[in-house]
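Numbering (this note's numbering), first residue to last: 3 to 157.
Below you can see the structure in the form of structure tokens.
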């Protein structure tokens, strides 16, 4: 199958998303978010949280490879994708994986900066500055992923 007939570039999507995930990891590390991410798999280790984050990035890279087929501009696609995964990750999946409001609040506290508000407020529409920081970090992830995807395309 020629490059022109491919509907998506899976390898480029995964690699680009891992690059975006690594850049986002700098921000997550500065925010102290890795133990909260690790708690999704029953750990509190920052290293485990970093590994989980990169695995999630690789999985989202598969989604990005498909998504880019709908929006041909990689940077615009990355921007939109970053917002989508912000909704999917910290607002939906993390609270579901934690199973109760107490654990949910601690995960949102790690990701969004507030341990005193329930997830519905801290990560899902409250005025917490951490919520906005989480959104910004996901948008940066998406834009970096879009740029990396574009650079990985054959000329």
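The beta carbon of each residue, even a glycine, is placed where N, CA and C say it ideally should be. These numbers were taken from a predicted model, which means no experiment stands behind them.
>> Check for me: the alpha helix (DSSP H) holding residue 89 runs from which residue to which?
In response: That residue, residue 89, is in no alpha helix (DSSP H); it is neither H nor E in DSSP.
> For residue 67 versus residue 15, is the C-beta distance shorter than 8 Å?
Replying inline: yes
> What separation, rounded to the nearest whole angstrom, lies between the Cα atoms of residue 13 and residue 155?
Replying inline: 10 Å
> At which residue ranges does the stretch 9-97 contain complete alpha helix (DSSP H) runs of 4 or more residues, listed in the order of the chain?
Replying inline: 12-33, 36-40, 48-69, 76-88
> When the Cα atoms are used, what is the spatial distance from residue 149 to residue 139?
Replying inline: 15 Å
>> Would residue 144 and residue 83 be called neighbours here (beta carbons separated by less than 8 Å)?
In response: yes
>> Between which two residues does the alpha helix (DSSP H) holding residue 152 run?
In response: 131-154
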